[in-house]
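One point on numbering: in our numbering, the residue at position 159 of the sequence shown is 161, and numbering is uninterrupted. The structure appears below as structure tokens.
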Amino acid sequence: MLIKTIFSGFGGQGVLSMGTTLANAAMLEGKYVTYLPAYGVEVRGGTANCTVVVADEEIASPVASEPDFVIAMNQPSFARFQSILQAGGLLCANSSLVNTESARSDIEILAIPTSELAEKLGTIKVANMIMLGALIKASNIISYEAMIKNLNEILGEGKAKLIKLNKEALELGYNYVKE
């Protein structure tokens with residue numbers, strides 16, 4: 003197994019946090035992982051993306067020229083990264099901000115209104131965790147149960163007070179995706 007994923011969006015949307023959370027969860031499951039962040043204008047509102055590669059054996063390159071999955075939290079990211087997604091790949095889009103009508107016909111689209119769902123939980127800041135929960139369900143990259151069990155360790159002790167909210171967000175995204 004070698005799975006390449008690109009997380010993309012505006013700075014402040016938790017794009018890099020999604021990537022590190024997935025990478026840490028995969029490492030705790032005993033998988034090999036690479037994490038490669040890329041920043042645009044390094045302020046809230048600039049662009050940010052990261053590549054996470056998860057594998058059962060050592061990884062030769064952290065670069066994902068043809069990723070299996072793309073997460074697009076905003077329209078510019080959707081426009082930029084759908085073109086490199088491999089045919090048959092899955093693009094998870096924040097449909098609160100992304101219009102997917104111009105999507106390629108040879109890829110799958112999973113449209114999730116993560117911003118709206120996050121508002122229902124009381125804060126837009128968990129939109130990223132809703133998307134991560136949806137990705138976990140749609141991809142089986144990692145075990146959802148292990149993610150929830152290890153969330154304290156993954157997020158770190160400094161975020162202990164946010165564990166309950168993050169679990170709720172992961173669960174909301176996970177359950178949003180149909181079988």
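Quick reminder that beta carbons are idealized off the backbone N, C-alpha and C, glycines included. Quantities reported herein were computed from a predicted structural model and do not represent experimental measurements.
Indicate whether P64 and Y41 have their beta-carbon atoms separated by less than 9 Å. In the sequence shown, residue 64 corresponds to position 62, counting from 1. In the sequence shown, residue 41 corresponds to position 39, counting from 1. For P64 and Y41, no; Cβs fall outside 9 Å.
Report buried or exposed for S10, applying the criterion of at least 16 other Cβ atoms within 10 angstroms of its Cβ. By one-based count along the sequence shown, residue 10 stands at place 8. So S10 counts as buried.
Please name the residue in I8, L119 and I156 whose C-alpha comes closest to that of F83. Stepping through the sequence shown from its first residue, residue 83 is reached at position 81. Comparing Cα positions, the closest option is I8.
What are the complete beta strand (DSSP E) segments, minimum 3 residues, inside the stretch 102 to 171? 110 to 114
Using the three-state DSSP reduction, which class does G21 fall into: helix, strand or coil? For the purposes of this step, residue 21 is taken as residue 19 along the sequence shown, with counting starting at 1. In the structure shown, G21 sits in a helix (DSSP, three-state: H, G or I).
Three-pair Cβ contact test at 8 Å for the stretch 48 to 60 versus the stretch 108 to 123: no
Taking the straight line between their C-alpha atoms, what separation do you get for S85 and M75? Counted from its first residue, the sequence shown places residue 85 at position 83. Counted from its first residue, the sequence shown places residue 75 at position 73. So the two alpha carbons sit approximately 16 Å from each other.
Candidates L167, N142, I143 and I114: which alpha carbon is nearest L153's? As a working mapping, residue 153 is identified with position 151 in the sequence shown. Here the closest residue by C-alpha is L167.
Measure from the alpha carbon of E103 to the alpha carbon of each residue in F80, Q88 and S141, then state which is nearest. Here residue 103 refers to the residue found at position 101 of the sequence shown. Closest option to E103, Cα to Cα, is F80.
Within the chosen definition, does the stretch 22 to 36 reach the stretch 90 to 99 through at least 3 CB pairs nearer than 8 Å? Contact fails: fewer than three Cβ-Cβ distances are below 8 Å.
Complete runs of the beta strand (DSSP E) confined to the stretch 52 to 109 [at least 3 residues]: 71 to 74 and 92 to 96
Residue range of the unbroken beta strand (DSSP E) whose run includes G11: Translated into the one-based positions of the sequence shown, residue 11 becomes position 9. Run containing G11: L4 to F12, per the beta strand (DSSP E) assignment.
Of the listed residues I165, E118 and I111, nearest to K180 (C-alpha basis): Locating residue 180 in the sequence shown gives position 178, where the first residue counts as 1. For K180, the nearest C-alpha among the options comes from I111.
Length of the line joining the Cα atoms of A89 and E170: The residue labelled residue 89 in the question sits at position 87 within the sequence shown. The residue labelled residue 170 in the question sits at position 168 within the sequence shown. Answer to the nearest angstrom: the Cα atoms are 33 Å apart.
Let me make sure I understand the geometry here. Which of G175, V56 and V55 has the alpha-carbon closest to that of T116? Indexing the sequence shown from 1 puts residue 116 at position 114. Cα-wise, what sits closest to T116 is G175.
If you measure between the beta carbons of Y34 and I73, is that distance less than 9 Å? On the sequence shown, position 32 is the one that residue 34 refers to. On the sequence shown, position 71 is the one that residue 73 refers to. No, the Cβ-Cβ distance between Y34 and I73 is not below 9 Å.
Outcome for D108 when other beta-carbon atoms lying within 10 angstroms are tallied against a minimum of 16: Your numbering for residue 108 matches position 106 in the sequence shown. Flag for D108 reads exposed.
C-alpha gap between A113 and S97, whole angstroms: As a position in the sequence shown, residue 113 is number 111, starting the count at 1. As a position in the sequence shown, residue 97 is number 95, starting the count at 1. Taking the straight line joining both Cα atoms gives about 5 Å.
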